[in-house]
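Residue numbers (this note's numbering): 65 to 570. Idealized CB from N, CA, C, for every residue including glycine.
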Amino acid sequence: MKIIPLPKKIAEKNGELILKKEVGVCLDARFSSLKKTIEDRFPGRKIKFDGDDIVFSYKEGLPVEGYELKSDENVCVSASDVKGAFYGLMTLLQLLEGDVLPKCEIEDEPRFPYRGIMLDVARHFFGKDEIKSLLDNMAYYKMNVFHWHLTEDQGWRIEIKKYPELAPKACVRKNDWKNHLGQMTGKPYGEGCYFTQEDVKEIVSYAAERMITVVPEIDMPGHITSALSVFPELSCEGKPLEVSTKYGIKSSIGCVGNEDFIRFMKDIIDEMCELFPAPYFHIGGDEVPKDKWKSCPKCQKLMKEKGIKSENDLQGYFTNLITEYLAEKGKKTIGWDEITETNDLRSDAIVQWWHGKDGGKWAEKGGKAILSHNTLCYLDYPYILTNLEKIYRLGPEEYKMTPEIVKNILGIEAPLWTEFVYDRKKFEFMLYPRVQAVAEAAWTPYAQKNYKDFEVRLTKYLKEMDEKGICYCPPKKYNPVGLRGLRQRLRVARKIVKDPNFEVDC
Ligand SMILES: [Zn+2]
């Protein structure tokens, strides 16, 4: 049976079950919020909530997000929460081939509670249609966190009512990169490309119907040039700035010694917390060059007053201040692993481990961490670098962690950065079928993971993506191996430098 992610236990039985054109569904009242989802997911069939062709029942004691599915004379899905019932439905849809369902018994639950994909909409903008299509696919493969990277040096993409000029001004940059050689298009980019708060509500609710939590990210105190271009007085130098047109790390950062900057960040958090019900809030915190803090009288004064010994500890002070503010609102802070570059980070901060060893050290000390190592799972890296098999391996096993430390790993998240992702074709090509591999890495017990078997099951979903018109990286390209693979990789790398869309063929 070709299910992705592979369930914890499957027992195949002899025989098949035929699903009629009119399907009677019995839905436990606890799962009534799934009514519309069930109606929508069986195109070409009439769903009547009367009958017992498919029964969704409550069963106490089943694990969170877990479910049992039995198909015999009819189909029974049991769960102890609505998420589990939803995932039982997703498995049922994957099993259904035309009118035929194989007879089987499945017991299933996720390995990790956090199974995410990050999308950077700041470097290049991807709107509601692309995001909804991503959410559809994430849900189908039982992923449950959409991390929305909304702000960057190169663009601010969310409406903030208290600062009405922020998004409309900070979403536009004067020029855009065409390729990795640094050639530019010579045209402005991003006019009007931001999400209104109504758009955000629409996405959050669309995701919730699919059991996906949307975690917003506002990067601070670095990667914030776009906002500082509208409010230059919030930077250390206070000089006029423009929304960045080039990529890389920018030297202008927020002035932590300026109370107005802290107020500004808190105001934004206030509005965001109203929009996003997620228990997490991502504050970025990555790639903060601290030279401006070293020469800033306000930052230095604050360090003296508070007895802060280094600029790294000044970032720690800022992270803790924001983490405390979010904690008062019932939110847990997530930050990229640079937030651990201080001696006294609050223990409740969650670290997204994207490079080096700091994320692992945080987990060793008892802190919670999310695995997102760039060399293993960055979706913007070409397939010649981050091939499908590599992504599939993603998990604590890559780091020789003891079971005690593994308990501190909340889960797995693969980020799609978009410096060189300009259009929907490339967006989909970079995502699929790597999303399927990440989904299995995050859901399936380690002992059951088997890449070769995954590739066999994947064929069914490549066909489905063909039918749905979704672009994906074909088998001949997603795993270049051996000497031929090496030659192919070098050839492709040379081409990609000039033409970032070179790899894409669909
Ligand atoms: Zn300063």
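Which of helix, strand or coil DSSP assigns to Y258: coil
V320 Cβ short of 7 Å to ligand 1 heavy atom set: yes
Where the alpha helix (DSSP H) containing M154 begins and where it ends: 146 to 159
heavy atom of ligand 1 below 7 Å from W507 C-beta: no
Beta-carbon contacts of V185 that lie in its chain and below 6 Å, excluding the five residues immediately before and after: R221
Residue ranges of each alpha helix (DSSP H) within the region 281 to 306, 4 or longer: 289 to 294
S142 - DSSP class collapsed to helix/strand/coil: strand
Ligand 1 heavy atom lying under 7 Å from the CB of K303: no
Whether V502 touches I476 by CB criterion (8 Å): yes
Residue range of the beta strand (DSSP E) that includes D569: No beta strand (DSSP E) holds D569; DSSP gives it neither H nor E.
Heavy atom of ligand 1 within 7 Å of K368 beta-carbon: no
Supposed contact pair A427 and I386 - C-beta distance, whole angstroms, cut 8 Å: That pair is no contact at about 22 Å.
K358 CB to nearest heavy atom of ligand 1 below 7 Å: no
Backbone CA spacing between I118 and V279 [nearest angstrom]: 33 Å
Residue from G394, E297, S359 whose Cα sits closest to the Cα of P341: G394
Per DSSP, the bridge partner or partners of E453: Per DSSP, none; premise fails for E453.
Secondary structure of I332, DSSP reduced to three states: helix
K393, DSSP secondary structure in three states: coil
Near ligand 2: C337 beta-carbon under 7 Å from a heavy atom: Looking at this structure, you won't find ligand 2 anywhere; what it does contain is ligand 1.
Endpoints, beta strand (DSSP E) assigned at R23: Absent from the structure is residue 23, since the part of the chain shown begins at 65 and ends at 570.
Under 8 Å between C-beta atoms of D217 and S290: yes
Which of helix, strand or coil DSSP assigns to V38: This structure gives no information on residue 38, because the portion of the chain shown stretches from 65 to 570.
Of the listed residues E388, K77, P446, nearest to Y244 (C-alpha basis): With the sequence shown as reference, residue 244 is identified as His, and Tyr is not the correct amino acid for it. When only C-alpha atoms are compared, the closest one is P446.
Three CB pairs or more closer than 8 Å across the region 515 to 524 and the region 476 to 496: no
Inter-stretch contact at 8 Å, needing at least 3 Cβ pairs: the region 100 to 111 / the region 125 to 140: no
Assigned secondary structure, K432 (DSSP; H/G/I helix, E/B strand, else coil): coil
P174 to G246 span [Cα, whole Å]: 43 Å
Top-ranked residue by Cα proximity to D172, from E528, K541, Q512: Q512
DSSP bridge partner residues for Y344 (one or two, in chain order): K396
Beta bridge counterpart(s) of G88 as assigned by DSSP: K112
Start and end residues, beta strand (DSSP E) containing Q416: 414 to 417
Whole-number beta carbon distance between L443 and L480, since they are thought to touch under 8 Å: 4 Å
Proximity test, Cβ basis, 8 Å: C337 and chain D: Going by chain labels, chain D is absent from the structure shown, which holds only one protein chain.
Rounded Cβ spacing between N472 and G430 (contact assumed at less than 8 Å): 6 Å
beta-carbon K314 near ligand 1 non-hydrogen atom, thresh 7 Å: no
Simplified DSSP state of R327, which is helix, strand or coil: helix
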